[in-house]
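Q: Numbering (our numbering), first residue to last: 1 to 188.
In this text, a Cβ means the ideal position worked out from N, Cα and C, and glycines have one as well.
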Amino acid sequence: MVTAAPGEERSPALALVNTRRLNAGGEVDDLAEPHAAARWLHLSPASLAADDLSRITDLRAAVRELLAALTEDRAPDAAALETVNAAARADAAAPQLTWPSGPHREWRSTQPGSLSEALAALARDAIEVVTSDLGHLVRPCEAHGCARFFVREHARRRWCSTTCGDRVRAARHQRLVVEQRESAQGRS
């Protein structure tokens with residue numbers, strides 16, 4: 001089980017980007033199969049067909065491009081912007097007033113439970129992240145081989161998880177051991 005990167009609990013779009021990652025066994029894609037993607041999106045497994053996967057993975061790639069552009073202080077690819085904007089407008093949602101114990105605003109979809117609703121919510125969240133103060137805190141994990149993003153809320157944090165941090169520290173320790181060994185052999 002992979003631990004969530006900091007910020008995933010606040011941003012479903014960040015969690016979406018992190019569904020594709022590397023681990024010791026190679027690349028992992030939590031959305032590779034329709035059943036897995038439906039479970040991740042909290043949709044009925046029967047509601048997704050194999051061709052729906054491309055809509056999901058295209059949005060994931062576009063959101064990844066937005067986050068990468070944001071962290072690299074550059075403009076994102078125009079196609080990524082269009083993919084996110086198209087997904088955001090694919091499902092009309094409107095604020096609805098409820099009054100459970102006082103006024104409360106909820107966004108209600110015109111297509112509840114649909115893939116379009118799920119993707120629109122993810123796209124709108126991505127737009128919110130990159131245009132809000134939270135966007136300035138998004139960082140790529142600095143561990144070699146890690147492709148995840150996280151919200152950096154502590155100035156010293158460089159990795160998306162303790163696993164990545166441990167791998168970096170272990171590699172650094174191993175390099176020091178090898179350098180010391182080589183240095184000692186060179187003096188002999």
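Applying the 10 Å Cβ sphere with the 16-neighbour rule, what's the burial state of P45?
A: Under this definition P45 is an exposed residue.
Q: Which residues in the same chain as F150 place their Cβ atom closer than 7 Å to its Cβ, once the five residues preceding and following it in sequence are excluded?
A: These residues qualify, in order along the chain: A5, P6, G7, R139, C141, C160.
Q: If you follow the beta strand (DSSP E) that R139 is part of, which residue opens it and which one closes it?
A: Its beta strand (DSSP E) spans residues 138 to 140.
Q: Should A90 and S54 be called a contact, given that it needs their Cβ atoms to be closer than 7 Å?
A: The answer is no: Cβ separation not under 7 Å.
Q: Can you tell me whether DSSP reads G26 as helix, strand or coil?
A: In this structure, G26 counts as strand in the three-state DSSP scheme.
Q: Can you give me the C-alpha to C-alpha distance between T3 and S101, rounded to a whole angstrom?
A: Between T3 and S101, the C-alpha separation is close to 35 Å.
Q: Cβ of A90 versus every heavy atom of the ligand ATP: is any distance shorter than 6 Å?
A: Judged by which ligands are present, the structure shown has none, so any question about the ligand ATP falls away.
Q: If you run the structure through DSSP and keep just helix, strand and coil, what is P95?
A: Of the three classes helix, strand and coil, the one that applies to P95 here is strand, per DSSP.
Q: DSSP beta-bridge partners for V151?
A: In the DSSP output, where bridge partners are listed per residue, V151 has V138.
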